[in-house]
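Shown next, in structure tokens, is the structure this report addresses.
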Amino acid sequence: MTQIKAILKDNTIISKEVACDCNLKRAHDLHPELPLKFGCRRGDCGVCAIRVVEGMENLTRRTKQEEIFMAKKKLPAEYRLACQCSLNGGGGITIGPKPS
Ligand code: FES
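Sequential numbering of the sequence shown, starting at 58, is according to our numbering.
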């Protein structure tokens, strides 16, 4: 097991334990209090974009669909599409608030 931690805009921290290879859709299904939102769930809409402030190396590599979306929207490197990534067994991640 490992942790998905989320820092909210008011600095509240939510931390939930998940399986080391959990995908983020499953993490949200198990822990709906995590600040994850999903739309298309296939890398097209961007609703699920998250800013990873710690543990980027603990996520699976970007999918082809995610690469296309990120290039099109010019999102910074610390952003991922939650619907396209899973924990890779290396440890947890921390999600930070997006700048307003
Ligand atoms: S839910 Fe649409 S891109 Fe992830």
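Think of the CB as a built atom: it goes at the ideal place given N, C-alpha and C, for glycine as much as any other residue.
{"query": "Hey, out of CYS102, THR120, LEU65, PRO154, whose CA is closest to SER143's CA?", "result": "THR120"}
{"query": "I need the straight-line Cα distance from PRO89 to ILE150, nearest angstrom please.", "result": "17 Å"}
{"query": "Return the chain-ordered list of same chain residues with a C-beta closer than 7 Å to the C-beta of GLY147, the five sequence neighbours on each side being excluded.", "result": "GLU114, ASN115"}
{"query": "Tell me the residue span of the alpha helix (DSSP H) that contains LEU91.", "result": "Premise fails: LEU91 is in no alpha helix (DSSP H) and is neither H nor E."}
{"query": "Would you kindly check if the distance between the Cβ of ALA106 and the Cβ of ARG137 is under 9 Å?", "result": "yes"}
{"query": "Quickly, what does DSSP pair SER143 with across the bridge? List them, please.", "result": "ASN80"}
{"query": "If you measure between the beta carbons of ALA76 and ILE70, is that distance less than 9 Å?", "result": "no"}
{"query": "Please determine, among ASN68, ASP67, GLU123, the residue with the shortest C-alpha to C-alpha distance to CYS102.", "result": "GLU123"}
{"query": "Whole angstroms is fine: what's the gap from ASN80's alpha carbon to ASN68's?", "result": "25 Å"}
{"query": "Considering only C-alpha positions, which residue in the set GLY153, PRO154, LYS130, HIS85 is nearest to GLY100?", "result": "LYS130"}
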